[in-house]
Amino acid sequence: MKKTIFFSLLVLMLSFTACQSTDKKTSKTDDVTYSVKDAKHTLQWTAYKTTAKTPVKGTFKTINVIKGGQGQSVKEAVNGVDFEIPVNTIFSKDSIRDSKLKEFFFGKMVNTALLSGKIVLETDDKGYIDLMMNNTKQRLPFTYKIEGKTFSLEGKMELKDWQALDALGKLHEVCFDLHKGVDGVSKTWEEVAVSLKSEF
């Protein structure tokens, strides 16, 4: 009788352990985490010169995730992530231009070795970046979309919002002739378009 009871208890314990193992495996399979840090990012800025508004495009080679950036969905991972961008990683496929941007634009700002910010998704297609530049924090509004495992946003910076027109003026001075169009007028625009594509 005692052997029968012991055998029955042993079978129950083994069955319970087997169920636990199965549950854990299922849980791990369902627990998919998206990470901004591990995603592939394509960041592009577009500035403009000449009265014809000729685009000048470039990127930053480095984006560092400082806080957050993980979630059970792409939206959850992106929403609330804090990041930093070293301005010395700017790249426009023109080393002379890059040097001028570092020295006469970012170099004329206050505390701007880094651009820092937080991404906030307000609705299913709109959000903003709390962006710190030139010792000034302002919201950069954007529209966004999520397609599968790809997040993309587009926004427009007005440099006056970051008190950056003096720095822009310094850049314009050193690029005066280069920013002339066919009409002979030199112009450097106060707006910069920004886009980001993150593939998870």
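Counting from 14, one number per residue, gives the positions in the sequence shown under the working numbering. All C-beta atoms, glycine included, are put in the ideal place defined by N, C-alpha and C.
If one requires a minimum length of 4 residues, the alpha helix (DSSP H) runs lying completely within the stretch 136-191 are 178-187, in chain order.
Bridge pairing for residue 95: 80 and 131 [DSSP].
Between residue 144 and residue 128, the gap from beta carbon to beta carbon is short of 8 Å. Assigned with DSSP and collapsed to three states, residue 87 falls in helix. The three-state secondary structure of residue 204, taken from DSSP, is strand. The distance from the Cβ of residue 87 to that of residue 164 is about 5 Å, consistent with a contact at the 8 Å cut-off. A Cβ-Cβ separation of about 19 Å leaves residue 63 out of contact with residue 169 under the 8 Å criterion. Under the DSSP assignment, residue 113 falls outside any beta strand (DSSP E), being part of the alpha helix (DSSP H) whose first and last residues are 108-113. Beta-carbon to beta-carbon, residue 77 and residue 97 are separated by about 5 Å, close enough to satisfy the 8 Å threshold.
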